[in-house]
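Engineer: One structure, pasted below without further comment.
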Amino acid sequence: MVDVEFIKEIIVDFHNENLPVYTRRTVDFSCPENKIRTIIGMRRSGKTYIFYQLINDLLKQDIDKNRILYINFEDERFYPFETSDFNILVKTYYELYPALRDEKVYLFFDEIQNIPNWERFVRRLHDSGNVSLNLTGSSARLLSKEIATALRGRTLTYEIFPFSFPEFLRYKNLDFDVDSSKNRSYIVHAFEDYLFRGGFPEVLECSDKHRIRILQDYYNLILYKDLIDRYDIRNHGLIKYLLKFLLSNNSNSFSVNKFVNDSKSQGFSISKDSIHNYLSYLEDAYCFSFMRIFADSERKKQVNYRKIYATDHGLVTSMTTSRSYNTGRLIESMVYNHLRRVYSPNELFYYRTGNGEEIDFITLSRGRLINIIQVCERFDNTGARINELEILFRTMDELNMNESIFITRNESDTIRRKKKTIHIIPFWRWSIQNIKNADQ
């Protein structure tokens, strides 16, 4: 049973303290009043600070702070917190503020998936009316399972990721105006920093030494808490080997069969089913995404290799040596994660032409082809440039599209051939042009 005095202390402290400074995210988190707002994403990606953003929006609407309750269930002082303790929590809140029983209150529960049977309490509270519920969690599987059963039709879910490049600029208080030559130089300089630093909020002001140590701590937290402990994984050596393999092969293809054979050569005994399970766990924890091929049948999507993308490229630069990655692969990973903020995994694919050439990204919306995107840090020579452009022109012909995008580190150009156009654009400009600003 949770200590009532401790709960009172948590509630009163929140109401007496100022909200921490936060960077406004470029996502619209608006939610109908009859829905439970749920925010899911990787650990340390900024979910708590999104709550601070939403709470501050309420305060700007002259909502009394006492009508807002924020609880972080990651706080170890809540352990052990049992299902019955939810009732004590709510009772204690209303004992502190009895006049609010007839007022609408706003409840923010951080990392609620840590508490057994949380969904029953949330459903009962939601159905009682006169309450706005907001939840976060770092496990897509644990949240979605309960949402699909006890909370069916009651929630609106948002995915959150570490800072995108435009959010990184906002954190740095830099203007998005890429047409100003002076401002553009600041943007390019910030991009070079973001390219190796990544988007986890905690490391944006750290020295390189501290950034690496902090991100390595994140890695270990995910390894032990989100994987080994949560799924009772016994083969610690193999899961560590898999994680390092995936980080070292970020933005590359991944074959389960090849990995199983490679693991055996390293002395590990593992089945393909176990590897599939491990990959599912990693996706569930928002550590990696595995992109499928664009094909006209589900079987083709299943039998072809998938491509690996770490949720934040900062993990790659902090957990592998510079020999294990190249900046072109980092930029490709950044493009994927930028697209992933807009498109679901069922709308984002790689493509293989009739000649077997690979196109990095194809995006769909409601079944309609939207974008053809290729990524290359730079063209090494004129011949390489011509070859890459020819591949894109052939792809546009195959897919009956008139435009495509070629994302680079710094190069800009527009190439036209009859009715076909290729837009060559640096990542920093493309990412800024492709955001929906939450302030607009």
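Heads up: the sequence shown begins at 1 in full-length UniProt numbering, then just goes up one per residue. Quick reminder that beta carbons are idealized off the backbone N, C-alpha and C, glycines included.
(1) Which residues in the same chain as residue 420 place their Cβ atom closer than 7 Å to its Cβ, once the five residues preceding and following it in sequence are excluded?
(2) Within 10 angstroms of its Cβ, does residue 426 collect 16 or more other Cβ (buried), or is it exposed?
(3) Tell me, to the nearest whole angstrom, how far the beta carbon of residue 113 is from that of residue 139; I am working on the premise that it is less than 8 Å.
(4) Quick check: the Cα distance between residue 433 and residue 162, rounded to an integer number of angstroms?
(5) With a 10 Å radius around its C-beta and 16 neighbouring C-beta atoms as the bar for buried, classify residue 108 as buried or exposed.
(6) Once you ignore the five residues that flank residue 46 on each side, which residues in its own chain have a CB closer than 6 Å to its CB?
(7) What are the boundary residues of the beta strand (DSSP E) that includes residue 46?
(8) For residue 36, I'd like the list of residues in its chain whose CB is within less than 8 Å of its CB, leaving aside the five on either flank, ordered along the chain.
(9) Please state whether DSSP places residue 74 in a helix, a strand or coil.
(10) Quick one: does residue 184 have its CB under 9 Å from some CB of chain B?
(11) Tell me whether residue 272 is buried or exposed, calling it buried when 16 or more other Cβ atoms sit within 10 Å of its Cβ.
(12) What is the DSSP secondary structure of residue 291, counted as helix, strand or coil?
(13) Run through DSSP, which three-state label would residue 321 get?
(14) Report the residue ranges of all alpha helix (DSSP H) runs contained in full by the UniProt domain "DUF4143" (225–375); include only those spanning at least 4 residues, in chain order.
(15) Could you pull the start and end residues of the alpha helix (DSSP H) that residue 132 belongs to?
(16) Starting from the C-beta of residue 440, find all residues in its chain whose C-beta is less than 6 Å away, skip the five residues before and the five after it, and write them out in chain order.
(17) Does residue 62 come out as helix, strand or coil in the three-state DSSP assignment?
(18) For the putative contact between residue 458 and residue 74, defined by C-beta atoms under 8 Å, what is the C-beta separation to the nearest angstrom?
(19) Take residue 413 and list the residues in its own chain whose beta-carbon comes closer than 7 Å to its own, dropping the five residues that flank it on each side.
(20) Taking the Cβ atom as the reference point for each residue, do residue 158 and residue 26 lie within a distance shorter than 9 Å?
(21) For residue 395, report the span of its alpha helix (DSSP H) as first-last.
(22) Could you spell out the range, first to last residue, of the alpha helix (DSSP H) harbouring residue 110?
(23) Is it right to say residue 199 is buried, meaning 16 or more other beta carbons lie within 10 angstroms of its own, or is it exposed?
(24) Does residue 416 pass the burial test, meaning 16 or more other C-beta atoms within 10 Å, or should it be called exposed?
(25) Residue 204 by DSSP, collapsed to three states: which one?
(26) Alpha carbon to alpha carbon, how far is residue 367 from residue 194?
(27) With respect to the beta strand (DSSP E) encompassing residue 426, which residues constitute its N-terminal and C-terminal limits?
(28) Per the DSSP calculation, residue 404 is bridged to which residue(s)?
(29) Using DSSP bridges, identify the partner residues of residue 13.
(30) Looking only at its own chain, which residues have a Cβ that is under 7 Å from the Cβ of residue 438, when we skip the five neighbours before and after it?
(31) Over the uninterrupted alpha helix (DSSP H) stretch that includes residue 187, give me the two end residues.
(32) Could you check the C-alpha separation between residue 57 and residue 50 for me, to the nearest Å?
(33) Would you check if the distance between the CB atom of residue 349 and the CB atom of residue 308 is smaller than 9 Å?
(34) Can you give the beta carbon distance from residue 339 to residue 363, rounded, assuming they're within the 8 Å contact cut?
(35) Determine, using beta carbons only, whether residue 250 and residue 310 come nearer to each other than 9 Å.
(36) So, do the segment 233–252 and the segment 278–292 have three or more beta carbon pairs nearer to each other than 8 Å?
Structural biologist: In this structure, then:
(1) As a working note, residue 420 is residue 420 in the sequence shown. Excluding sequence positions up to five before and after residue 420, its CB lies within less than 7 Å of the CB of 393, 396, 402, all in the same chain and listed in chain order.
(2) Mapped onto the sequence shown, residue 426 falls at position 426. By the neighbour-count rule (16 or more Cβ atoms within 10 Å), residue 426 is buried.
(3) Within the sequence shown, residue 113 is the residue found at index 113, counting from 1. Within the sequence shown, residue 139 is the residue found at index 139, counting from 1. The pair is a contact, with the Cβ atoms about 5 Å apart (cut-off 8 Å).
(4) Here the question's residue 433 lines up with position 433 in the sequence shown. Here the question's residue 162 lines up with position 162 in the sequence shown. C-alpha separation (whole angstroms): 19 Å.
(5) Looking up residue 108 in the sequence shown gives position 108. Its Cβ being crowded by 16 or more others within 10 Å, residue 108 is buried.
(6) Mapped onto the sequence shown, residue 46 falls at position 46. So the list reads 201, once near-sequence residues are dropped.
(7) Position 46 of the sequence shown holds residue 46. It is not in any beta strand (DSSP E) - residue 46 carries neither H nor E in the DSSP assignment.
(8) Numbered from its first residue, the sequence shown carries residue 36 at position 36. So the list reads 122, 126, 133, 134, 135, 151, 154, 155, 156, once near-sequence residues are dropped.
(9) On the sequence shown, position 74 is the one that residue 74 refers to. Residue 74 falls in the coil class under three-state DSSP.
(10) As a matter of chain content, chain B is missing from the structure shown, which is built from one protein chain.
(11) Position 272 of the sequence shown, counting from 1, holds the residue named residue 272. Counting Cβ neighbours within 10 Å, residue 272 comes out exposed, since fewer than 16 surround it.
(12) Mapped onto the sequence shown, residue 291 falls at position 291. Looking at residue 291 - three-state DSSP - the assignment turns out to be strand.
(13) Position 321 of the sequence shown, counting from 1, holds the residue named residue 321. The three-state reading of DSSP puts residue 321 in coil, since its state is none of H, G, I, E or B.
(14) DSSP runs (the alpha helix (DSSP H)) wholly in the UniProt domain "DUF4143" (225–375): 236–248, 256–265, 272–284, 298–303, 313–319, 327–340.
(15) The sequence position of residue 132 within the sequence shown is 132, counting from 1. Careful: residue 132 lies outside any alpha helix (DSSP H), inside the beta strand (DSSP E) at 131–137.
(16) Working through the sequence shown from its first residue, we reach residue 440 at position 440. Here the model assigns residue 440 a pLDDT of 37, short of 50, so the residue's position is not dependable, and the following value carries that caveat. No residues qualify anywhere along the chain.
(17) Position 62 of the sequence shown, counted from the first residue, corresponds to residue 62. Reduced to three states, the DSSP call for residue 62 is coil.
(18) No answer is possible for residue 458: the residues shown for the chain start at 1 and end at 440.
(19) By one-based count along the sequence shown, residue 413 stands at place 413. Taken in chain order, the residues that qualify are 424.
(20) The sequence position of residue 158 within the sequence shown is 158, counting from 1. The sequence position of residue 26 within the sequence shown is 26, counting from 1. Cβ distance not < 9 Å, so residue 158 and residue 26 don't count as in contact.
(21) Here residue 395 corresponds to residue number 395 of the sequence shown, with the count starting at 1. 382–399 is the extent of the alpha helix (DSSP H) around residue 395.
(22) Indexing the sequence shown from 1 puts residue 110 at position 110. Here residue 110 belongs to no alpha helix (DSSP H); instead the beta strand (DSSP E) covers 105–110.
(23) Against the sequence shown, residue 199 aligns to sequence position 199. Counting Cβ neighbours within 10 Å, residue 199 comes out buried, since at least 16 surround it.
(24) The count along the sequence shown starts at 1 and reaches residue 416 at position 416. So residue 416 ends up on the exposed side.
(25) Residue 204 sits at position 204 when you count from the first residue of the sequence shown. DSSP, read as helix, strand or coil, puts residue 204 in coil.
(26) Counted from its first residue, the sequence shown places residue 367 at position 367. Counted from its first residue, the sequence shown places residue 194 at position 194. So the two alpha carbons sit approximately 33 Å from each other.
(27) For the purposes of this step, residue 426 is identified with residue 426 of the sequence shown, where counting begins at 1. Where residue 426 is concerned, the enclosing beta strand (DSSP E) starts and stops at 420–426.
(28) Position 404 of the sequence shown, counting from 1, holds the residue named residue 404. 422, per the DSSP bridge assignment.
(29) Mapped onto the sequence shown, residue 13 falls at position 13. For residue 13, which the question treats as bridged, DSSP gives no partner whatsoever.
(30) Along the sequence shown, one-based indexing puts residue 438 at 438. With a pLDDT of 34 at residue 438, under the threshold of 50, the modelled position of this residue cannot be trusted; read the value that follows with caution. Within the same chain, residue 438 has close Cβ partners 24, 25, 26, 27, 28.
(31) As a first step, residue 187 must be located in the sequence shown, where it is residue number 187. Its alpha helix (DSSP H) spans residues 181–197.
(32) Working through the sequence shown from its first residue, we reach residue 57 at position 57. Working through the sequence shown from its first residue, we reach residue 50 at position 50. Taking C-alpha positions only, residue 57 is separated from residue 50 by approximately 11 Å.
(33) In the sequence shown, residue 349 corresponds to position 349, counting from 1. In the sequence shown, residue 308 corresponds to position 308, counting from 1. Against a cut-off of 9 Å, the Cβ pair of residue 308 and residue 349 comes out as no contact.
(34) What you label residue 339 is simply residue 339 of the sequence shown in a count that begins at 1. What you label residue 363 is simply residue 363 of the sequence shown in a count that begins at 1. 6 Å between Cβ atoms; contact.
(35) Here residue 250 refers to the residue found at position 250 when the sequence shown is read from its first residue. Here residue 310 refers to the residue found at position 310 when the sequence shown is read from its first residue. Closer than 9 Å, so yes.
(36) At 8 Å Cβ cutoff, the stretches touch.
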